[in-house]
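Numbering (our numbering), first residue to last: 30 to 315.
Following: one structure in C-alpha coordinates, then a few remarks.
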(Lines of atoms letter the chains of each structure in order from A; the text may use other names.)
(Lines give C-alpha, C1' and ligand atoms only; values in the text may rest on other atoms or scores of the structure.)
Protein backbone atom coordinates (compact mmCIF):
# COMPACT_ATOMS: atom_id res chain seq x y z
CA UNK A 30 0.00 0.00 0.00
CA UNK A 31 1.41 3.40 -0.98
CA UNK A 32 1.47 6.41 1.33
CA UNK A 33 -1.05 8.11 -0.98
CA UNK A 34 -3.45 5.16 -0.71
CA UNK A 35 -3.10 4.96 3.07
CA UNK A 36 -3.76 8.66 3.54
CA UNK A 37 -6.65 8.54 1.07
CA UNK A 38 -8.24 5.64 2.93
CA UNK A 39 -7.95 7.56 6.19
CA UNK A 40 -9.52 10.62 4.52
CA UNK A 41 -12.33 8.48 3.11
CA UNK A 42 -12.99 6.99 6.56
CA UNK A 43 -13.13 10.51 8.00
CA UNK A 44 -15.69 11.49 5.35
CA UNK A 45 -17.83 8.43 6.02
CA UNK A 46 -17.87 9.35 9.72
CA UNK A 47 -19.23 12.82 8.92
CA UNK A 48 -15.96 14.72 9.21
CA UNK A 49 -14.44 17.40 7.04
CA UNK A 50 -11.27 17.05 5.01
CA UNK A 51 -9.15 19.63 3.21
CA UNK A 52 -7.80 18.08 0.04
CA UNK A 53 -5.89 19.17 -3.07
CA UNK A 54 -7.32 19.54 -6.54
CA UNK A 55 -5.68 20.94 -9.64
CA UNK A 56 -7.44 24.29 -9.05
CA UNK A 57 -7.35 25.04 -5.30
CA UNK A 58 -7.60 23.07 -2.05
CA UNK A 59 -11.18 22.11 -1.21
CA UNK A 60 -12.99 21.76 2.12
CA UNK A 61 -14.90 18.54 1.63
CA UNK A 62 -17.74 16.59 3.21
CA UNK A 63 -19.82 13.58 2.22
CA UNK A 64 -22.31 15.09 -0.23
CA UNK A 65 -24.89 12.48 0.82
CA UNK A 66 -24.70 13.53 4.49
CA UNK A 67 -26.60 16.79 5.09
CA UNK A 68 -25.24 17.20 8.62
CA UNK A 69 -21.68 16.94 7.34
CA UNK A 70 -22.42 19.42 4.56
CA UNK A 71 -23.75 21.88 7.14
CA UNK A 72 -20.39 21.65 8.90
CA UNK A 73 -18.78 23.09 5.77
CA UNK A 74 -20.91 26.21 6.03
CA UNK A 75 -20.29 26.55 9.77
CA UNK A 76 -16.54 26.07 9.40
CA UNK A 77 -16.20 28.48 6.48
CA UNK A 78 -18.79 30.92 7.90
CA UNK A 79 -20.41 30.71 4.49
CA UNK A 80 -24.09 31.61 3.84
CA UNK A 81 -26.10 28.41 3.53
CA UNK A 82 -27.93 29.54 0.40
CA UNK A 83 -24.69 29.38 -1.57
CA UNK A 84 -24.57 26.14 -3.60
CA UNK A 85 -21.59 23.81 -3.42
CA UNK A 86 -19.77 21.84 -6.12
CA UNK A 87 -19.87 18.06 -5.86
CA UNK A 88 -16.62 16.33 -6.83
CA UNK A 89 -16.85 12.83 -8.26
CA UNK A 90 -14.46 10.32 -9.79
CA UNK A 91 -15.88 10.05 -13.32
CA UNK A 92 -18.85 10.70 -15.60
CA UNK A 93 -20.64 7.54 -14.51
CA UNK A 94 -20.63 8.71 -10.89
CA UNK A 95 -21.61 12.23 -11.95
CA UNK A 96 -24.78 10.85 -13.53
CA UNK A 97 -25.81 9.61 -10.08
CA UNK A 98 -26.06 13.25 -8.98
CA UNK A 99 -27.10 15.15 -12.11
CA UNK A 100 -29.16 14.70 -15.26
CA UNK A 101 -26.94 14.79 -18.35
CA UNK A 102 -28.11 15.55 -21.87
CA UNK A 103 -25.99 14.88 -24.98
CA UNK A 104 -24.22 18.25 -24.82
CA UNK A 105 -23.31 17.75 -21.16
CA UNK A 106 -22.02 14.25 -21.88
CA UNK A 107 -19.83 15.50 -24.74
CA UNK A 108 -18.40 18.28 -22.58
CA UNK A 109 -17.69 15.87 -19.73
CA UNK A 110 -15.91 13.45 -22.05
CA UNK A 111 -13.87 16.29 -23.57
CA UNK A 112 -12.84 18.18 -20.42
CA UNK A 113 -13.01 15.75 -17.49
CA UNK A 114 -11.01 15.15 -15.43
CA UNK A 115 -10.36 18.87 -15.39
CA UNK A 116 -11.29 22.35 -14.15
CA UNK A 117 -14.80 22.51 -15.60
CA UNK A 118 -17.90 22.57 -13.39
CA UNK A 119 -21.22 21.82 -15.08
CA UNK A 120 -24.50 23.17 -13.68
CA UNK A 121 -27.19 20.60 -14.46
CA UNK A 122 -30.64 19.53 -13.22
CA UNK A 123 -30.15 17.64 -9.96
CA UNK A 124 -31.37 14.15 -9.16
CA UNK A 125 -34.25 13.91 -6.69
CA UNK A 126 -32.14 12.36 -3.93
CA UNK A 127 -29.69 15.29 -3.78
CA UNK A 128 -29.98 17.24 -0.52
CA UNK A 129 -30.90 20.93 -0.46
CA UNK A 130 -27.86 21.59 1.73
CA UNK A 131 -25.65 20.87 -1.29
CA UNK A 132 -27.59 22.91 -3.84
CA UNK A 133 -28.68 25.85 -1.71
CA UNK A 134 -32.27 24.73 -2.33
CA UNK A 135 -31.92 25.05 -6.10
CA UNK A 136 -33.13 22.47 -8.62
CA UNK A 137 -29.65 22.40 -10.16
CA UNK A 138 -26.32 21.02 -9.02
CA UNK A 139 -22.72 21.93 -9.79
CA UNK A 140 -20.53 18.92 -10.50
CA UNK A 141 -17.03 18.17 -11.73
CA UNK A 142 -14.28 15.54 -11.89
CA UNK A 143 -11.00 16.88 -10.44
CA UNK A 144 -7.71 16.27 -12.22
CA UNK A 145 -5.40 15.61 -9.29
CA UNK A 146 -3.99 12.20 -8.30
CA UNK A 147 -4.68 12.65 -4.58
CA UNK A 148 -8.24 13.86 -5.16
CA UNK A 149 -8.85 10.93 -7.50
CA UNK A 150 -7.43 8.45 -4.98
CA UNK A 151 -9.61 9.85 -2.18
CA UNK A 152 -12.68 9.59 -4.41
CA UNK A 153 -11.73 6.01 -5.36
CA UNK A 154 -11.45 5.04 -1.70
CA UNK A 155 -14.55 6.96 -0.63
CA UNK A 156 -16.84 5.71 -3.41
CA UNK A 157 -19.12 8.74 -3.19
CA UNK A 158 -19.46 12.42 -3.98
CA UNK A 159 -17.55 15.07 -2.04
CA UNK A 160 -19.22 18.47 -1.66
CA UNK A 161 -16.43 21.02 -1.47
CA UNK A 162 -15.92 24.77 -1.78
CA UNK A 163 -12.44 26.23 -1.40
CA UNK A 164 -10.75 25.53 1.95
CA UNK A 165 -10.73 29.07 3.35
CA UNK A 166 -13.01 31.34 5.35
CA UNK A 167 -15.84 32.82 3.31
CA UNK A 168 -14.69 35.72 1.16
CA UNK A 169 -10.98 35.13 1.72
CA UNK A 170 -8.14 34.17 -0.59
CA UNK A 171 -8.38 30.63 -1.92
CA UNK A 172 -5.64 28.22 -0.78
CA UNK A 173 -3.24 26.66 -3.27
CA UNK A 174 -0.93 25.01 -0.73
CA UNK A 175 -1.48 22.92 2.38
CA UNK A 176 0.22 25.67 4.39
CA UNK A 177 -2.52 28.12 3.36
CA UNK A 178 -5.15 25.70 4.67
CA UNK A 179 -3.30 25.01 7.92
CA UNK A 180 -3.07 28.74 8.60
CA UNK A 181 -6.81 29.15 8.00
CA UNK A 182 -8.05 26.04 9.83
CA UNK A 183 -5.47 25.00 12.46
CA UNK A 184 -7.93 22.62 14.17
CA UNK A 185 -10.90 20.44 13.31
CA UNK A 186 -10.17 19.70 9.64
CA UNK A 187 -8.23 16.66 8.42
CA UNK A 188 -5.67 18.09 6.00
CA UNK A 189 -4.40 16.00 3.09
CA UNK A 190 -1.08 17.26 1.72
CA UNK A 191 -0.87 17.32 -2.06
CA UNK A 192 1.69 19.93 -3.03
CA UNK A 193 0.92 23.17 -4.85
CA UNK A 194 -2.14 23.31 -7.09
CA UNK A 195 -0.92 23.39 -10.70
CA UNK A 196 -3.82 25.45 -12.14
CA UNK A 197 -4.20 27.82 -9.21
CA UNK A 198 -7.57 29.41 -9.97
CA UNK A 199 -11.10 28.08 -9.63
CA UNK A 200 -12.82 25.95 -12.24
CA UNK A 201 -14.81 27.39 -15.12
CA UNK A 202 -18.55 27.12 -14.37
CA UNK A 203 -20.86 26.38 -17.29
CA UNK A 204 -24.63 26.46 -16.79
CA UNK A 205 -26.42 23.84 -18.90
CA UNK A 206 -29.72 23.92 -16.99
CA UNK A 207 -31.08 26.22 -19.72
CA UNK A 208 -29.47 27.85 -22.75
CA UNK A 209 -25.70 27.34 -22.25
CA UNK A 210 -24.20 30.21 -20.24
CA UNK A 211 -20.82 30.94 -18.71
CA UNK A 212 -21.32 31.64 -14.99
CA UNK A 213 -17.69 31.93 -13.94
CA UNK A 214 -14.62 32.24 -16.17
CA UNK A 215 -11.76 29.92 -15.32
CA UNK A 216 -8.88 27.94 -16.77
CA UNK A 217 -11.03 26.57 -19.61
CA UNK A 218 -11.99 29.51 -21.81
CA UNK A 219 -15.35 30.20 -23.42
CA UNK A 220 -13.88 29.72 -26.90
CA UNK A 221 -12.89 26.16 -25.96
CA UNK A 222 -16.46 25.38 -24.88
CA UNK A 223 -18.42 27.01 -27.69
CA UNK A 224 -17.66 24.30 -30.29
CA UNK A 225 -19.80 22.06 -28.07
CA UNK A 226 -22.40 24.57 -26.88
CA UNK A 227 -22.68 27.24 -29.54
CA UNK A 228 -22.45 30.90 -28.47
CA UNK A 229 -22.56 31.24 -24.69
CA UNK A 230 -25.03 33.65 -23.14
CA UNK A 231 -25.55 34.95 -19.61
CA UNK A 232 -27.58 33.43 -16.79
CA UNK A 233 -29.01 34.44 -13.43
CA UNK A 234 -28.41 30.99 -11.95
CA UNK A 235 -26.53 31.38 -8.64
CA UNK A 236 -23.03 29.95 -9.04
CA UNK A 237 -20.62 28.61 -6.42
CA UNK A 238 -17.96 31.20 -5.66
CA UNK A 239 -19.71 34.06 -7.46
CA UNK A 240 -20.20 36.40 -4.49
CA UNK A 241 -18.66 39.86 -4.97
CA UNK A 242 -16.35 39.46 -1.97
CA UNK A 243 -14.94 36.07 -2.94
CA UNK A 244 -11.17 35.57 -3.19
CA UNK A 245 -10.33 38.96 -1.61
CA UNK A 246 -7.25 39.74 0.53
CA UNK A 247 -7.69 41.63 3.80
CA UNK A 248 -5.53 44.45 2.44
CA UNK A 249 -7.18 46.95 0.08
CA UNK A 250 -6.49 45.82 -3.50
CA UNK A 251 -6.31 48.15 -6.49
CA UNK A 252 -5.95 47.16 -10.15
CA UNK A 253 -3.72 49.31 -12.34
CA UNK A 254 -2.42 48.98 -15.89
CA UNK A 255 0.59 51.02 -14.71
CA UNK A 256 1.43 49.58 -11.28
CA UNK A 257 4.81 51.28 -10.85
CA UNK A 258 3.32 54.74 -11.41
CA UNK A 259 0.34 53.93 -9.18
CA UNK A 260 2.64 52.71 -6.42
CA UNK A 261 4.72 55.89 -6.62
CA UNK A 262 1.56 58.01 -6.42
CA UNK A 263 0.30 56.30 -3.28
CA UNK A 264 3.72 56.27 -1.62
CA UNK A 265 3.88 60.02 -2.18
CA UNK A 266 0.58 60.17 -0.27
CA UNK A 267 2.24 58.45 2.67
CA UNK A 268 0.83 54.98 2.01
CA UNK A 269 2.83 51.77 2.19
CA UNK A 270 2.36 49.73 -0.98
CA UNK A 271 3.11 46.25 -2.35
CA UNK A 272 2.92 45.51 -6.08
CA UNK A 273 1.91 42.37 -7.98
CA UNK A 274 3.14 42.53 -11.57
CA UNK A 275 1.50 40.62 -14.41
CA UNK A 276 3.10 37.41 -15.70
CA UNK A 277 2.34 35.05 -18.55
CA UNK A 278 -1.32 34.07 -18.01
CA UNK A 279 -0.72 30.41 -17.13
CA UNK A 280 2.01 31.33 -14.63
CA UNK A 281 -0.04 34.24 -13.27
CA UNK A 282 -2.96 31.90 -12.63
CA UNK A 283 -0.77 29.39 -10.81
CA UNK A 284 0.92 32.09 -8.71
CA UNK A 285 -1.98 34.53 -8.13
CA UNK A 286 -3.39 33.27 -4.83
CA UNK A 287 0.03 32.28 -3.50
CA UNK A 288 1.29 35.81 -4.13
CA UNK A 289 -1.84 37.40 -2.65
CA UNK A 290 -1.38 35.30 0.50
CA UNK A 291 2.26 36.41 0.73
CA UNK A 292 1.60 40.10 0.05
CA UNK A 293 -1.40 40.19 2.39
CA UNK A 294 0.91 39.31 5.31
CA UNK A 295 3.21 42.29 4.74
CA UNK A 296 0.97 44.72 6.62
CA UNK A 297 0.99 47.38 3.90
CA UNK A 298 -1.83 49.86 3.27
CA UNK A 299 -2.41 48.92 -0.37
CA UNK A 300 -1.85 46.06 -2.78
CA UNK A 301 -1.58 47.17 -6.41
CA UNK A 302 -2.04 44.40 -8.97
CA UNK A 303 -1.42 44.61 -12.68
CA UNK A 304 -4.25 42.98 -14.70
CA UNK A 305 -3.46 39.87 -16.71
CA UNK A 306 -2.98 40.29 -20.44
CA UNK A 307 -5.07 38.61 -23.11
CA UNK A 308 -8.31 36.66 -23.15
CA UNK A 309 -9.06 33.17 -21.88
CA UNK A 310 -7.21 32.62 -18.61
CA UNK A 311 -6.49 36.35 -18.44
CA UNK A 312 -10.21 37.07 -18.14
CA UNK A 313 -10.51 34.57 -15.29
CA UNK A 314 -7.56 36.08 -13.43
CA UNK A 315 -8.94 39.60 -13.67
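Note that the Cβ used here is the ideal one computed from N, Cα and C, for glycine as well.
As the structure is a computational prediction, the values presented were derived from the model and not from experiment.
What are the residues that DSSP puts in a beta bridge with residue i?
i           : result
residue 139 : 86, 120
residue 227 : Answer is none; residue 227 lacks a bridge partner.
residue 99  : 123
residue 50  : 61, 187
Is residue i helix, strand or coil when you go by DSSP?
i           : result
residue 249 : strand
residue 305 : coil
residue 213 : strand
residue 132 : helix
residue 201 : strand
residue 299 : strand
residue 40  : helix
residue 270 : strand
residue 275 : coil
residue 218 : coil
residue 263 : helix
residue 196 : coil
residue 321 : Nothing about residue 321 can be read from this structure; the chain reaches only from 30 to 315.
residue 294 : coil
Comparing C-alpha positions only, which one of the options sits nearest to residue i?
i           : options            : result
residue 42  : 206, 154, 298      : 154
residue 176 : 313, 290, 307, 310 : 290
residue 169 : 40, 270, 295, 247  : 247
Indicate whether at least one CB of chain C lies closer than 8 Å to the CB of residue i.
i           : result
residue 121 : In summary, chain C is missing from the structure at hand, where a single protein chain is found.
If you scan the segment 52-96 from start to end, which runs of the beta strand (DSSP E) of 3 or more residues do you find wholly inside it? 59-63, 86-88
Beta strand (DSSP E) runs contained entirely in the segment 148-188, provided each spans 3 or more residues: none
Quick check: the segment 138-154 against the segment 74-92, are at least 3 beta-carbon pairs closer than 8 Å? yes
Tell me whether the segment 256-268 and the segment 291-303 touch, counting them as touching only if at least three CB pairs, one residue from each stretch, are closer than 8 Å. yes
Say whether the segment 101-116 touches the segment 187-204, bearing in mind that this needs 3 or more beta-carbon pairs closer than 8 Å, one atom from each stretch. yes
Do the segment 148-168 and the segment 60-69 make contact, defined as three or more Cβ pairs closer than 8 Å? yes
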